[in-house]
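These notes are about the structure you will find just below.
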Amino acid sequence: MPEYQSLKVELNNQIAHIQLNRPEKLNAMNAAFWEEMVEVFDWVDATDEARVVIISGAGKHFSAGIDLALLSTAAGEMTRDIGRNAERIRRNVLRLQAAFNAVDNCRKPVIAAIQGYCIGGAIDLVSACDMRYATTDASFSIKEIDMGMAADVGTLQRLPHLIGDGMMRELAYTGRSFAGEEAAALGLVNRCFADADALLAGVTAIAEEIAGKSPLAIRGTKEMIRYSRDHSVEDGLNYIATWNAAMLQSEDMKIAMTAHMTRKKADFAD
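Residue numbers (the numbering used here): 2 to 271.
The structure is reproduced here in structure tokens:
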């Protein structure tokens, strides 16, 4: 099992649990975090036993977003040359984006379990996940506007597909906080739970159900959903026809059909 500075990783019952693990800093995203997110999702993709991912935060909060010390360090690297400063900033932003692109691009479904603060960069992270669940008292905010900047690691690109353009604009322009119940009403989270224990139990039950399905069917379903988000209906239909030309010949279909007919639980290979 890989070990990291900013993350705690476990693999049980085909579920990879990735926990943001800086509770004393409200799980703020430091320099190590951005590198380790890419590494851990490379590991998830390469580990066939891992069929579903849960992302949670250690302690009372999911994450307070990017560590301000990281921004201070970046500011200290500026020179008097505007062009070189711009090139350096752009490369750094693209490097940060890669951390959450790795979540979005993961072959396996990724579920966010959110309690306490989910602020700034944490919204970017959960927007890249497949599903989100929260406690009723969770606190969300697209906080970048109050820092004098536009969110640049995925929120403004992914959130409109989750909650609609108008509400995304309101939340991004105002930076106001909203709780779990409003997040559920908006469609940002699928469901709210009373507390952190109930949240993790509920999310784990959903992950276990997904882990019991055909890994190839889950893989294809996620790929088609992601592709269709960024392409036309016609493109999406053509892609699934080509994809299933191979996948409909899988042994998983035979296993699933037999299980359905005999009313027994299917047992799929990794």
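Beta carbons: idealized from backbone N, C-alpha and C, even for Gly.
Keep in mind the model is a prediction, meaning the values are calculated, not measured.
T48, DSSP secondary structure in three states: coil
Where L95 and V154 are concerned, what is the direct C-alpha to C-alpha distance, given to the nearest angstrom? 8 Å
Ends of the beta strand (DSSP E) at N13? L8 to N13
Buried or exposed for D253, going by 16 or more other Cβ atoms inside 10 Å? buried
Hey, how far is the Cα of L200 from the Cα of V190? 12 Å
Kindly provide the ranges of any alpha helix (DSSP H) runs that are 4 or more residues long and lie completely inside the region 242-268, ordered along the chain. 252-263
Bridge partners for I16 per DSSP, in chain order? N13 and V53
Let me confirm a value: S64 is counted as buried when at least 16 other C-beta atoms fall within 10 Å, else exposed. Which label applies? buried
Using beta-carbon positions only, say whether I16 and V10 come within less than 8 Å of one another. no
Three or more C-beta pairs under 8 Å: does that hold for the region 254-271 against the region 134-151? Too few Cβ pairs lie closer than 8 Å, so no.
Could you say which of V54, I164, L71 and S7 lies nearest to C130 if we only look at CA atoms? V54
What alpha helix (DSSP H) runs, 4 residues minimum, are completely inside the region 20-100? 32-47 and 69-77
Please classify V190: does DSSP put it in a helix, a strand, or coil? coil
Beta strand (DSSP E) segment containing I143, residue limits: Here I143 belongs to no beta strand (DSSP E), and DSSP marks it neither H nor E.
V111 to R52, Cα distance in whole Å? 9 Å
Check A129 in the structure and name its three-state DSSP category. coil
Under three-state DSSP, which class holds T136? strand
Beta-carbon within less than 7 Å of T80's beta-carbon, same chain only, minus the 5 sequence neighbours each way: which residues are those? If we look at T80 and ignore the five residues flanking it on each side, its Cβ neighbours are N86.
Given P134 as reference, the closest of M148, H261, M150 and F194 once Cα atoms are compared: Before going further, note that residue 134 is Tyr rather than Pro in the sequence given. Comparing Cα-Cα distances from Y134 to each of M148, H261, M150 and F194, the minimum goes to F194.
Which residue marks the beginning of the alpha helix (DSSP H) containing A199, and which one marks its end? A197 to A212
Can you list, in chain order, the residues of its chain with a C-beta nearer than 7 Å to that of G176? Leave out the 5 residues immediately preceding and following it. Correct list, in chain order: S142, I143, K144, I146 and D147.
Check this for me: beta carbons of A152 and A173, under 8 Å apart or not? Yes, the pair counts as a contact, with Cβ atoms nearer than the cut-off.
Among residues of its own chain, excluding the 5 on either side of L71, which ones have a beta-carbon nearer than 7 Å to its beta-carbon? N31 and A32
Just to confirm the assignment, what range does the alpha helix (DSSP H) spanning Y174 have? D166 to T175
Distance between Q158 and N93 (C-alpha atoms, nearest Å): Each residue's alpha carbon lies about 18 Å from the other.
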